[in-house]
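Asks: Here the sequence shown is numbered in this note's numbering, starting from 236 and rising by one per residue.
Before anything else, here's the structure in question.
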Amino acid sequence: MFGVTIFAFMGYEHVVYNACLFIGMLYYNVSALQLGHLIKNIAFAFIGNYIGGGLVIGLFYAYLNDHGQFKAIKKGIDPKIKS
């Protein structure tokens, strides 16, 4: 499980990891590797990374971000001074 932790910590996408696995399978001549399965796997991994990492996490971080400082700058108020 340590390898999975390092993989997630470094921020690699599953698409990249799957591509490395497929290259390894080609190197060892695994007969189970078929082009249709390969494309389907990479397509679903890419869509999952886009939705999960791009939209869900991105929107969550945008929600957590404090936008009050930008509104204060537009009004000419220093956002560092709390009143």
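Note that the Cβ used here is the ideal one computed from N, Cα and C, for glycine as well.
(1) With DSSP as the reference, label Tyr296 as helix, strand or coil.
(2) On the three-state DSSP scale, how would you describe Val265?
(3) What residues in its chain sit with their C-beta under 7 Å from that of Phe193, if we drop five residues either side in the sequence?
(4) Between Val250 and Ile292, which are expected to be in contact by the criterion C-beta below 8 Å, what is the C-beta distance as a whole number of angstroms?
Replies: Taking the definition as stated:
(1) Three-state result, Tyr296: helix.
(2) Coil at Val265, not helix or strand.
(3) A question about residue 193 goes unanswered here, because the residues of the chain that appear run from 236 up to 318.
(4) Cβ atoms of Val250 and Ile292 stay farther apart than 8 Å, at about 16 Å.
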